[in-house]
Amino acid sequence: MSSDREPASSALDIDMGNTRTKWRFGGATGHLPSPELPELDATPARVRIATVLRNRDAVAEAVMARFGLEAEFASTATTLAGVRCGYRDPARLGVDRWLALVAAWHRTRGAVAVIGAGTAATVDFVDAGGRHEGGHIAPGLGLLRNALKHTADVRPAYTAEADLAPGNDTERAVSSGTLVMLLGFVEVAVGAFAERCGDRVDIVLTGGDAGLLATRLSMPVRREPHLVLDGLAIALP
10 MSSDREPASS ALDIDMGNTR TKWRFGGATG HLPSPELPEL DATPARVRIA TVLRNRDAVA
70 EAVMARFGLE AEFASTATTL AGVRCGYRDP ARLGVDRWLA LVAAWHRTRG AVAVIGAGTA
130 ATVDFVDAGG RHEGGHIAPG LGLLRNALKH TADVRPAYTA EADLAPGNDT ERAVSSGTLV
190 MLLGFVEVAV GAFAERCGDR VDIVLTGGDA GLLATRLSMP VRREPHLVLD GLAIALP
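Going by this note's numbering, 165 is the number at position 156 of the sequence shown; the sequence numbering is gapless.
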């Protein structure tokens, strides 16, 4: 488990994804494998959770057993804090994407593209008026590379030093090729949004592979590692 310092809160906020859980409490932040819960030095007043896992009951039981508290789960809504969901059925939009785009727009109050670089790669768009246009979903770097590992028997490197130069062996070629593929996905999607809306677009990057993309995109981006947790605090104040 790793942790950093953030502004203090009496609530334990949890972003529980498919593979990793992020948490924030009392000025500390950290991450651990999903669906584990953090060990804390103090008891939180509340436990607020955003999760894409289907078995909420098991998560709620674990929270009760660990902290003696009822877990509060965020859900995607039709509107929240000035943002209108672009899905015909809001329940089908993952709550992690929803909270991230709400937090990003809430901060900028302008046109924003939210890039989630995790297990899946997502790009969501919100115009200056808070209308969510929808978004794109593609496999993330790990999924892309694992697909080739299983079908072509290659074992690409997966490091923060991944190079964009053409590889001089199969492993490096897969490593650079999948990164180029993901960068192209993001740049084309965001460029098309900027043309559609005609406004200055703020580009926000979050997720486990955000650092790998941030220095390689040709456009200016802002990294927000705790965007889902920020949205959770807005959804469940």
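Where a beta carbon is used, it is the ideal one built from N, C-alpha and C, also for glycine.
Spanning the alpha carbons of Val183 and Glu79 requires a straight line of approximately 46 Å. The closest CA to that of Leu221, considering only Gly36, Thr88, Phe82 and Gly125, is found on Gly125. Proximity of the segment 88-99 to the segment 136-144 meets the contact definition, three or more beta-carbon pairs being nearer than 8 Å. Taking a cut-off of 8 Å on C-beta distances, the segment 108-122 touches the segment 227-243, as three or more cross pairs fall below it. With contacts defined by Cβ atoms closer than 9 Å, Asp218 and Leu150 form a contacting pair. Taking each of Ala54, Arg63, Thr88 and Val61 in turn and checking the Cα distance to Gly77, the smallest one comes out for Ala54.
If you check the CB distance, Leu21 and Arg33 come in under 9 Å. Cα atoms of Arg97 and Leu152: separation of roughly 28 Å, rounded to the nearest angstrom. Secondary structure at Asp98: coil, using DSSP grouped into helix, strand and coil.
Exclusion of the five residues before and after Asp136 leaves Ala120, Glu142 and Cys206 as the residues of its chain whose Cβ lies within less than 7 Å of its Cβ. Residue state for Leu46 is assigned as coil, using DSSP reduced to three classes. Bridge pairing for Thr215: Gly125 [DSSP].
For Val210, there is no enclosing alpha helix (DSSP H), since its DSSP letter is neither H nor E.
DSSP places Leu238 within a helical segment (H, G or I) once states are collapsed to three.
The beta carbons of Val104 and Thr52 sit no closer together than 9 Å. The beta carbon of Leu102 sits closer than 7 Å to the beta carbons of Thr85, Cys94 and Tyr96 from its chain, once the five residues preceding and following it are set aside; these are given in chain order.
Separation of the CB atoms of Leu188 and Thr215 is rounded to 18 Å, and the pair is thereby denied contact status at 8 Å. In this structure Asp133 is buried. Its beta-carbon is surrounded by 16 or more other beta-carbon atoms within 10 angstroms. According to the DSSP secondary-structure assignment, Lys31 is paired through a beta bridge with Asp24 and His40. The beta-carbon separation of Pro44 and Met25, rounded to 6 Å, stays under the 8 Å limit for a contact. Under the 10 Å beta carbon count, Arg118 is surrounded by fewer than 16 other beta carbons and is classified as exposed.
For Val210, same chain residues with a beta-carbon under 6 Å away, outside a window of 5 residues either side, are Ala120, Ala122 and Ala203 in chain order. Under the three-state reduction of DSSP output, Arg231 falls in the strand class.
Contact check for Thr131 against Ala113 fails: the beta carbons are separated by 9 Å or more. In this structure, Ala244 places its C-beta atom within 9 Å of the C-beta atom of Leu89.
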